[in-house]
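Here's the structure, in structure tokens; my notes come after.
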Ligand code: ARG
Ligand code: ZN
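Residue numbers (the working numbering): 887 to 1768.
Here it is in structure tokens:
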């Protein structure tokens, strides 16, 4: 940064605005080369705070005129700086402030504010993009009703959209036309949206429970109409589910979605005009994988659910971001669990949480779910705010039960509809709706305030003569940046005791009269706590944190035999999977240690047998089996080591995969063939599960270098019609040294070069290969005609995927770090949000060996010394170097 270091914004400095803005009247005159924006703001003094000037935010705006009422202001009547427009002496009883500004959407590469994507105009205002459109109090506690007029050339921009209802439209001079939109619901400016472009749409209808007829439209670029069906179905399912599960209905007669190819994030919940990354709308069986289909279902639901959790009730300030995001992620997780397999969904969500959120919580950018300070708010759309935030919601649900949780939700809306509130307000609603529940809410609140992942350890002792089982649990929370001392958390431990016959024993704590059968929830509140169960007939194996009831790291003194037992018998499917993962991680880290000590790595037969057992049950639940067959990722294993042994982890994991592939060749082939050829294509959970287990089997055969496996992969690549199977086979081929590799990759690119989302997969599988040539190939792909560094999806597919490639990105010598520094510096000028997301890949550099640390530090410092460093990148890089 040139003008000194950027300043941090603090939660404790929050003050309500001196003025409210109740009405916003906007007029957009879209022309090639410039857009003229006229804004009329109906303002009113906020008498609850001392009198002050009206300070409006603005960035990269050219101010053409200002007036108050009908009185034009001269330059002496206001102060205009690069970031603010300040008006003094406004009338106490309110006024209309009118401003005209000029902006240049066509040269906006940051994709924030008003910008162009494939020639169409669109907006992204969250968090602070509205200030790039007009001067405004760009903060979520200022809520107004909007009236928006959009005018543009009719031929080039036949579709003109904004929030709310279309109230009028007409023709203008010079081949232009206009549309007038009105949104009756007061909203913060981050929910404003505008779209103007050459788009086509598909349409459906939904009738709400109380009889409102809603027109549903999805707008896409011409040629993509046939890829919108799944998104539309997902929208209708979401609308119905929210009525049934939360009693929440849609509140307007129209709901529009627009899909654009250039978008920084996944999607945006603008009131009645959601704008999506095409990745989360477009899908056809031949272009999209099962993961894509499921992602669409979840993200469409997520944005729809925001209509209540985010829009009707919004955030007072950006420190409260998890108020809407944690809650809405939890809601979309519940929805997807209901639409598909709940255990499979939970395993996938926890895998992701561990992989990305636990990593964040353990590094220099760790922050609480409700942060206390930020330099650039866009840096806080994080796994902690979203995914850990969702875990906090899940813990309310676990502690209060479904009915108590719902009472809290109902009270939250009864109290706060139409308001901008805080996570404390949410907690108060949950508390007040459940006065009979003995929850220590002040202790629970620490989940919002303390960063870091609690570590829980423990052991159990069974006393046969007294038939008691004593479970001891301990918790610790390591210091995180700015938080040296932590206090114990209130940790819900959903658990059971599994008897020798594999069944859950009745659970009765000392002093209780009646036993609970199955699962119960213990509250771990102290640094160390004993739970004594009485009347325990035989020595049990405890099953702890069923369903992953709290976002903690558990280390319990299980024997390998205990884990194998839980894998086979735990009544909780999540913990059956978890036991297998714990066993696998233990074994893999043991091999890594052997290798580091110069010993041979020997894969124990017992583990290979356990995998064989899992495989033999593939027919019962293919989707679950596919997950149970998947070893912990290299990145996750790295988190479990003090100093990450990059090559050791890779070598151990590959050895185990190859051993499994050789040892179970026959059953892997049987699993493959037994789940291939399923008739008509479907994305039912069953069909997805069969494809998943089939491709997991194929991956093991390939890991063993099996000739028949290779032939199957090639055949699958050449003949499969669904993208899931095509890409699964191609990824395996691309990660191999098969002679057909180059031809397969180039044939795929030739076939799909017109489909950017499909090409993203092609970039991604090359960037994630563990082959030593990967970095060189990624470099070469930067100049492939299908790549474009201005398109975020391309950056995430090639550069982002490469940074997630544990062996290649962290290869000894530091070439991966150097490569990333170059890309971050390049992106910093074009798109700070994307640059900063890429820079986060450096965050855990101190967990590697001295040589890698040295190389990473050089790269990070080079980024830090870049002239004109954006606030976004500055914040990440400076925290990483602290
Ligand atoms: N609210 C959006 C969602 O959760 C994310 C928008 C994030 N945008 C950003 N520039 N940080 O779907
Ligand atoms: Zn969201």
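Glycine included, every Cβ here is placed at the ideal spot set by N, Cα and C.
Distance from the CA atom of residue 1272 to the CA atom of residue 1221, rounded to whole angstroms, is 16 angstroms.
Shown here for residue 1174: same chain residues with a beta carbon closer than 6 angstroms to its own, the five before and five after excluded, namely 1609 in chain order. For residue 906, the three-state secondary structure derived from DSSP is strand.
When the beta-carbon positions are compared, residue 1713 and residue 1675 come within less than 8 angstroms of each other.
Here residue 1434 is buried, its C-beta having at least 16 other C-beta atoms within 10 Å.
Ligand 2 has a heavy atom closer than 7 angstroms to the beta-carbon of residue 1211. With 16 or more neighbouring CB atoms inside 10 Å of its own CB, residue 1518 falls in the buried class.
When distances are taken from the beta-carbon of residue 1188 to the heavy atoms of ligand 2, the shortest one is below 7 angstroms. Three or more beta-carbon pairs separated by less than 8 angstroms link the stretch 1610-1618 to the stretch 1575-1591, which places the two stretches in contact. Here residue 1438 carries a coil assignment [DSSP, helix/strand/coil].
The residues 1540, 1543, 1544, 1546 and 1547, in chain order, have a CB closer than 8 angstroms to that of residue 1589 in the same chain once the five nearest residues on each side in sequence are set aside. When secondary structure is reduced to three states using DSSP, residue 1344 falls in the strand class. When DSSP reads this structure, residue 1361 sits in a beta bridge with 1342. According to the DSSP assignment, residue 1497 belongs to the alpha helix (DSSP H) that extends over 1491-1502. By a beta-carbon distance limit of 8 angstroms, residue 1230 contacts residue 1510. Their separation comes to about 6 angstroms.
Comparing alpha-carbon positions, the option among 1327, 1105 and 1153 lying closest to residue 1083 turns out to be 1105. Here residue 1067 is bridged, per DSSP, to 1034 and 1052. Assignment of beta strand (DSSP E) within the stretch 1517-1600, counting only whole runs of 3 or more residues, yields no such run.
About 5 angstroms separates the CB atoms of residue 1160 and residue 1189; that is less than 8 angstroms, so the two are in contact. Residue 1157 counts as buried, since at least 16 other C-beta atoms from the protein chains shown sit within 10 angstroms of its C-beta. Taking 8 angstroms as the cut-off, the beta carbon of residue 1000 is found no closer than this to the beta carbon of residue 1149. If you draw a straight line from the Cα of residue 1473 to the Cα of residue 1226, it comes to about 32 angstroms. For residue 1119, the uninterrupted alpha helix (DSSP H) segment begins and ends at 1115-1132. Placement of the Cβ of residue 1155 at a distance of less than 7 angstroms from at least one heavy atom of ligand 2 is found. The beta carbon of residue 1049 lies closer than 8 angstroms to those of 1032, 1034, 1067, 1069, 1073, 1077, 1078, 1079, 1156, 1157, 1158 and 1159 in the same chain, with the five residues before and after it left out. Ligand 2 has no heavy atom closer than 7 angstroms to the beta-carbon of residue 1173. Taking C-alpha positions only, residue 1145 is separated from residue 1178 by approximately 15 angstroms.
Between the beta-carbon of residue 1359 and that of residue 1344 there is about 4 angstroms, and that keeps the pair under the 8 angstroms contact cut. By a beta-carbon distance limit of 8 angstroms, residue 1492 does not contact residue 1458. Their separation comes to about 23 angstroms.
In this structure, ligand 1 has a non-hydrogen atom nearer than 7 angstroms to the beta-carbon of residue 1010. Assigned with DSSP and collapsed to three states, residue 1235 falls in helix. In the three-state DSSP reduction, residue 1431 falls in the coil class, being neither helix nor strand. In the structure shown, residue 1108 falls within a coil segment according to DSSP collapsed to helix, strand and coil. Following the DSSP letters along the chain, one finds residue 1461 inside the alpha helix (DSSP H) bounded by residues 1459-1482. Counting every other CB atom within 10 Å of its CB across the protein chains shown gives residue 1168 a total of 16 or more, marking it as buried. Ranked by Cα distance from residue 1147, the options 1759, 1004 and 1630 are led by 1004.
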